[in-house]
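Peer 1: Quick one: structure below, then a few questions.
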Amino acid sequence: MYIFRRSPVRLFHTTAVTLRVRRGPPKQKTVLTPDELVKHATTATLDEIKNGLEYRNQLRFVKPNESWLAKSLGLSPESPKFCEDTIANRVKIKNLLSNKFGKINRSFTATEFLHSPLDVGDVVDLSCSFESSELAVVVELPISLEDPRYSLLTHTGELKFMRSSSLSSRIPRFFPKKWFENCVFNERYFLRDDSVLLTGSPRFKEEDARGTGGVVESAISKAIIQGDDSLETYIVPSLLAGIVSYELSKLLTESWSLLPAMNMKLELIHTAMQNSESVTKVSIFQIVDAINATDLSRLSRQVVDADAEVVIHGFKGLSKSAGEAMHLESHFNEMAYGRQLGELEIHRKIYADIFYSLVLALRKNSQLFYSDTDALSPVSVALIPLETIVRLDALVTDMKDDPYLFTLVTTYMGKLLCNEDVSEFDVPDDFHEVIHMMKLYCGGSIADEKMESFVVKVIRSLPKFGEMDISRALVYDILLRLGEISNTDSPVNWWLMNPCTSLKAEMEQEYYDSITSEILGLHTTTDRAKSIRKSFREEVVYCIDAADAHEIDDGISIRKQDGKWTVSAFVADPASYLSPDSPISQIAFERASTLYFRDGSSVGLLPKALVDASQLGHQKDTRVMRFAFDYDSITGDADFEQAHVNVGTASLFVKITYDEVDEILSGDFSDAITQKLQEQGVSLEHVREDLESLHRVSTTLQRKRMQQGALSNTWFNRINLERVEEVEDNIEIKVKPNNITTPSQTLVSEIMIASGRICGHYMASNSIPAVYRSVPAIPQSDAVTNEIDAIRTGATAPTFANLMHLSNFVGKSAFSVLPSPHAGLGIPVYANCTSPLRRFCDMLNHWQIQAHLMRTELPLTEENLSFAAVHLVSQESIASKLDRRSSAFFMFKYLEHEYQDPSRTLAVMVTGMASKEGVIPVMLKQYGVRAVMRECLGVDTLHKKKPLASLSVGDTIENTRIVGLDVIEGNMILESDMY
């Protein structure tokens, strides 16, 4: 049903050499025929051969070294031998570089790792696997907006060009940035004599060229043979390449030498700290601390001791030291809920060799640990329960040792698939275990080759499936036919990192459900800020949200006095009911945020009783946090420097939906809206005047943010997945337009952004430790900066293509304890504060602000918040992946159903360049879904109007149809008769 058949054309494209074409006719070929070579060789003297070698050595090595040394170090050597690539010269040049620009930094801090963007001098891993290690250093930033690839020099001395998305496990600032200024040269600058052949690296997409069978070499050879001088290749001076090669190889050697001890420590830590009730999630910094706290020599002496008590004492000591280092002291306490706030010293050093050795060890032990070591800055590590590993391993081993058990299961499964009567058969003992493994396979939770091979063997043994291509989509379909899952089951339900599917999560939810409104007071504290709360009972607070909102976090008000307006955001205050170390707070910290699912259900950050007591919208006194700013209605200036931050109470709430606000602002509204407002004690005229004024403020704020470099994601509206339901054993998928540019959306979002700015400024200016939200500015070459400035100033039109290119130069949003700009929003500082009912980071900031306003000791230190920030980053990544995978699964199911008729077509926009193999990346305009379009196989090439290579980023193709779809992997292939 959901089988994805392989196409003759690869789904993921590879791209051949990218050429820079030089004007002018191609020159005559410069490569000699065999006869000419023989004739030339027989007439050349030994001196001529030596002179030729020396000449080529000068052009390829000495001259580039000389040019680089002059530009970088200002050296004008008296003798060319100074620029020759010798060991002695490498040592001398390294010392000069170190003295002038700084030494190699063999350690880094958590701050540098988490918050500094990718830059020249950073070391990265290109392999992303344990089997092969390839380190490289960034030597040049992207040179144009259309080409977001970084120039990288590998440990073998090779120059490569790759996107940041293809790099992993970054070691920041290993080399001083200044070492690499002016180090990448166009090879033709030195090889002006056509008799010297090209040996440099062309600018091609390295990450897309793996396994292409010598694309680069053939391109260079073809250019040489044809006498084509349009191919441009690039080199790095051999002296610098030699220095880098030595240092990176040294780092690799040191890391691998640490690996045996690192593996042993990791296995011991897993044994001591894993939990059978759930996956144990920690940060990579906690693992580093546990590694440093584990004394192998002492433990080995205790383990070999004949006395059992000594051995047990040794493992207890390991558990205690590792638990303290990882802040999991209460890990084995059955009554412990959630997670305690630990401490992280963000300025302490982490050694590069230990870090990379840990990365290798985590990759090697992928059956024990889940980690994101393929990310640029890996943070998340999870200890997989040993019980899960042992169960699955035992199942595979038992069935291998006794093939009859395997036959029993597959025969029974085959009969079910063929709708045969199995009433007279007993369900095989291992049947449900095999089903469980198949589910884990669908969920992407099996990383072990032996277990993956077992699943494939099971499918191959089933009737009608033996010859099919095995995919996760096929296994899902088999589970569906067996009746083991329903149409509404998403594969993420069987992803081990899913925070909602463990026994521990179930126990914590039971605790939440046990807290009713009648006993809420037993689980909460008194209002510590009661004495300083201000009354805002006279303010009309507009709670604008979707009609089906789960909770109401915030509301907006406006007060006018002459030309001065005061705009306020009133925010729910659940933090005043809790202390940071309460059981509810610890569960909320572990969850990090509310999770919303496509069937309309959710897993809340807080107990429902607490949400009901603290949310806005009820006509009763409600505790609130207030973030307000003054706005000059004459000049359009907002004063964020003298903004107001208060705790208080409010009661005059007006609940209204986004759609109703849009109707009021448009002037075309129904009588039902008038009646609804009257029932809440306000007149339509008053509401309309306030909303029009608020919309005026918000559009002004938005315009000024854009002028400060903020990026807009509102190029076109999309259709989003709304809800998934099961109706009479069939799946019903509902979608709805996601209009992110409506006046009501702008009104609310801009006031909330302004509130985050106020919160961030207040905490930074008062030196209050806080959790900030920042997007660092990506270091850019001068050429890229000029192109971006042209778009932002309006000199270049902001086309879809430009916005796609700009997205490559926007940093990733992250939590930080350091106040820093949010480049995406175009504001100098930002701290989350407006959604405490569904985001734990907002509660952290509320606790800090309230303590500061009361002039009491702050409850959280910078080290506490650093620990929290890393956990929040990790949990946000998991939640994002969970939502993305679930949404993609059901959206692809929807598209599969809606567009199964070949006559129905989809409009797409091109998002990248066409590959040599005949595919091009695109995005479905109506849905925002990414796919690839291939050359149409059913149309004679002579009758095609255009080749794929003629398409550019931003071009629209109106009539594509789906020809290949994998709902689980999220892969889609399109075709158009036009191409």
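Here UniProt numbering is used: the first residue of the sequence shown is 1, the next is one more, and so on. The beta-carbon is built from N, C-alpha and C at its ideal position, and this holds for glycine as well.
What span of residues does the alpha helix (DSSP H) with Ser366 cover, start to end?
Peer 2: Stepping through the sequence shown from its first residue, residue 366 is reached at position 366. Neither: Ser366 is in no alpha helix (DSSP H) and is coded neither H nor E.
Peer 1: Give the straight-line distance between the Cα atoms of Thr594 and Gln875, rounded to the nearest whole angstrom.
Peer 2: Position 594 of the sequence shown, counted from the start, is the residue given in the question as residue 594. Position 875 of the sequence shown, counted from the start, is the residue given in the question as residue 875. Straight-line Cα distance between these residues: approximately 11 Å.
Peer 1: Counting beta carbon pairs with one atom in the region 127-137 and one in the region 83-92, are three or more of them shorter than 8 Å?
Peer 2: In short, these stretches do not touch, since the Cβ pair count stays below three.
Peer 1: Between Thr622 and Ala650, is the Cβ-Cβ spacing less than 8 Å?
Peer 2: If you number the sequence shown from 1, residue 622 lands on position 622. If you number the sequence shown from 1, residue 650 lands on position 650. Yes, the Cβ-Cβ distance between Thr622 and Ala650 is below 8 Å.
Peer 1: Fully enclosed by the region 457-540, which alpha helix (DSSP H) runs are 4 residues long or longer?
Peer 2: You should have 472-481, 503-514 and 520-523.
Peer 1: How would you call Pro743, buried or exposed, if buried means at least 16 neighbouring beta carbons within 10 angstroms?
Peer 2: In the sequence shown, the residue the question calls residue 743 occupies position 743. That one is buried.
Peer 1: Compute the Euclidean distance between the alpha carbons of Val967 and Val475, then round it to the nearest angstrom.
Peer 2: One-based indexing of the sequence shown puts residue 967 at position 967. One-based indexing of the sequence shown puts residue 475 at position 475. Distance between the alpha carbons of Val967 and Val475: 12 Å.
Peer 1: Run the CB neighbour count on Cys418, radius 10 Å, all protein chains shown included, and call it buried at 16 or more, exposed below.
Peer 2: On the sequence shown, position 418 is the one that residue 418 refers to. Cys418 should be labelled exposed.
Peer 1: Can Asn182 and Ser283 be called in contact, C-beta distance under 8 Å?
Peer 2: On the sequence shown, position 182 is the one that residue 182 refers to. On the sequence shown, position 283 is the one that residue 283 refers to. No, Cβ-Cβ distance for Asn182 and Ser283 is not below 8 Å.
Peer 1: Across which residues does DSSP place Met923 in a beta bridge pair?
Peer 2: On the sequence shown, position 923 is the one that residue 923 refers to. The partner list for Met923 (beta bridge, DSSP) reads Met909 and Arg930.
Peer 1: What number of angstroms, rounded off, separates the C-alpha of Leu59 from the C-alpha of Arg885?
Peer 2: Here residue 59 refers to the residue found at position 59 of the sequence shown. Here residue 885 refers to the residue found at position 885 of the sequence shown. Spanning the two alpha carbons is a distance of roughly 53 Å.
Peer 1: Nearest to Thr705 by CA position, among Ser683, Asn864, Ile753 and Gln745, is which residue?
Peer 2: As a first step, residue 705 is located in the sequence shown; it is residue number 705 there, counting from the start. It should be pointed out that residue 705 corresponds to Arg in this sequence rather than to Thr. That would be Ile753, whose Cα lies nearest to the Cα of Arg705.
Peer 1: My output table needs one value for Cys442: the three-state DSSP class, helix, strand or coil.
Peer 2: On the sequence shown, residue 442 is found 442 positions in, with the first residue counted as 1. Here Cys442 sits in helix by DSSP.
Peer 1: Measure the Cβ-Cβ separation of Cys442 and Leu386 and say whether it is below 8 Å.
Peer 2: Within the sequence shown, numbered from 1, the residue matching residue 442 stands at position 442. Within the sequence shown, numbered from 1, the residue matching residue 386 stands at position 386. Against a cut-off of 8 Å, the Cβ pair of Leu386 and Cys442 comes out as no contact.
Peer 1: Classify Val184 as helix, strand or coil using the three-state DSSP reduction.
Peer 2: Your numbering for residue 184 matches position 184 in the sequence shown. In this structure, Val184 counts as coil in the three-state DSSP scheme.
Peer 1: Is the separation between the beta-carbon of residue 992 and that of Ser380 shorter than 8 Å?
Peer 2: Only positions 1 to 979 of the chain appear in the structure, and residue 992 is not among them; the question remains open.
Peer 1: Can you tell me whether DSSP reads Thr109 as helix, strand or coil?
Peer 2: Residue numbering aside, residue 109 sits at position 109 when the sequence shown is read from its first letter. Three-state result, Thr109: strand.
Peer 1: Report the residue from Phe640, Ser666, Lys450 and Val434 whose alpha carbon sits nearest the alpha carbon of Thr407.
Peer 2: Here residue 407 refers to the residue found at position 407 when the sequence shown is read from its first residue. Of the listed residues, the one whose Cα sits closest to Thr407 is Val434.
Peer 1: For the alpha helix (DSSP H) containing Trp256, list its first residue and its last residue.
Peer 2: To locate residue 256, count along the sequence shown from 1; it is residue 256. First-last of the alpha helix (DSSP H) with Trp256: Ser238 to Met273.
Peer 1: Looking at C-alpha atoms only, which residue of Phe82, Tyr830, Pro463 and Ile849 is the closest neighbour of Leu239?
Peer 2: The sequence position of residue 239 within the sequence shown is 239, counting from 1. Ranking Phe82, Tyr830, Pro463 and Ile849 by Cα distance to Leu239 puts Phe82 first.
Peer 1: Taking only the alpha-carbon atoms, compute the straight-line gap between Phe315 and Val396 and give it to the nearest angstrom.
Peer 2: Your numbering for residue 315 matches position 315 in the sequence shown. Your numbering for residue 396 matches position 396 in the sequence shown. For Phe315 and Val396, the distance between alpha carbons rounds to 30 Å.
Peer 1: Throw me the rounded Cβ distance for the Asp119 and Lys177 pair, which I believe falls under 8 Å.
Peer 2: Numbered from 1 along the sequence shown, position 119 holds the residue referred to as residue 119. Numbered from 1 along the sequence shown, position 177 holds the residue referred to as residue 177. Going by Cβ atoms, the distance from Asp119 to Lys177 rounds to 6 Å, so yes, they are a contact pair.
Peer 1: So Leu259 and Ala361 are supposed to be a Cβ contact under 8 Å. How far apart are they, rounded?
Peer 2: As a first step, residue 259 is located in the sequence shown; it is residue number 259 there, counting from the start. As a first step, residue 361 is located in the sequence shown; it is residue number 361 there, counting from the start. Indeed, because the Cβ distance is near 6 Å, the residues count as touching under 8 Å.
Peer 1: From which residue to which residue does the beta strand (DSSP E) around Ser557 run?
Peer 2: Position 557 of the sequence shown, counting from 1, holds the residue named residue 557. Asp554 to Gln561 is the span of the beta strand (DSSP E), which, as asked, contains Ser557.
Peer 1: Please classify Leu73: does DSSP put it in a helix, a strand, or coil?
Peer 2: Reading the sequence shown from its first residue, position 73 is the one you call residue 73. If DSSP states are grouped into helix, strand and coil, Leu73 belongs with coil.
Peer 1: Hey, is Met625's beta-carbon within less than 8 Å of any beta-carbon in chain D?
Peer 2: Here there is only one protein chain, and chain D is not present.
Peer 1: Taking contact to mean at least 3 C-beta pairs separated by less than 8 Å, is the region 568-579 in contact with the region 834-852?
Peer 2: The region 568-579, when compared against the region 834-852, does touch it at the 8 Å Cβ threshold.
Peer 1: Less than 8 Å between the CB atoms is what I'm expecting for Met273 and Leu341, so what's the real figure, rounded?
Peer 2: Locating residue 273 in the sequence shown gives position 273, where the first residue counts as 1. Locating residue 341 in the sequence shown gives position 341, where the first residue counts as 1. The pair is not a contact, with the Cβ atoms about 18 Å apart (cut-off 8 Å).
Peer 1: Taking 8 Å as the cut-off, does the region 596-613 touch the region 639-649 (at least 3 CB pairs, one atom from each stretch)?
Peer 2: No, because fewer than three Cβ pairs between the region 639-649 and the region 596-613 fall closer than 8 Å, the two stretches do not touch.
Peer 1: Flag this pair as yes or no: are the beta carbons of residue 1016 and Ser245 separated by less than 8 Å?
Peer 2: Residue numbering for the chain in the displayed model covers 1 to 979; residue 1016 lies beyond these limits and cannot be assessed.
Peer 1: With a threshold of 7 Å (Cβ to nearest heavy atom), would Leu747 be considered close to the ligand ATP?
Peer 2: Among the components of this structure there are no ligands whatsoever, and the ligand ATP is therefore not found.
Peer 1: Would Met978 be called buried (16 or more neighbouring beta carbons within 10 Å of its own) or exposed?
Peer 2: Counting from one through the sequence shown, the residue named residue 978 turns up at place 978. Exposed, because fewer than 16 other Cβ atoms sit within 10 Å of the Cβ of Met978.
Peer 1: May I have the straight-line CA-CA distance separating Glu917 from Ile354, to the nearest angstrom?
Peer 2: Residue numbering aside, residue 917 sits at position 917 when the sequence shown is read from its first letter. Residue numbering aside, residue 354 sits at position 354 when the sequence shown is read from its first letter. Computed Cα separation, rounded: 41 Å.
Peer 1: Looking only at DSSP bridge pairs, what is Ile49 linked to?
Peer 2: Locating residue 49 in the sequence shown gives position 49, counting from the first residue. Looking at the DSSP assignment, Ile49 forms no beta bridge with any residue, so it has no partner.
Peer 1: Please state whether DSSP places Val396 in a helix, a strand or coil.
Peer 2: Walking along the sequence shown from the start, residue 396 turns up at place 396. In the structure shown, Val396 sits in a helix (DSSP, three-state: H, G or I).
Peer 1: To the nearest whole angstrom, what separates the beta carbons of Phe889 and Pro491, a pair I think is in contact under 8 Å?
Peer 2: Within the sequence shown, numbered from 1, the residue matching residue 889 stands at position 889. Within the sequence shown, numbered from 1, the residue matching residue 491 stands at position 491. Yes, Phe889 and Pro491 are in contact; Cβ-Cβ is about 6 Å, under 8 Å.
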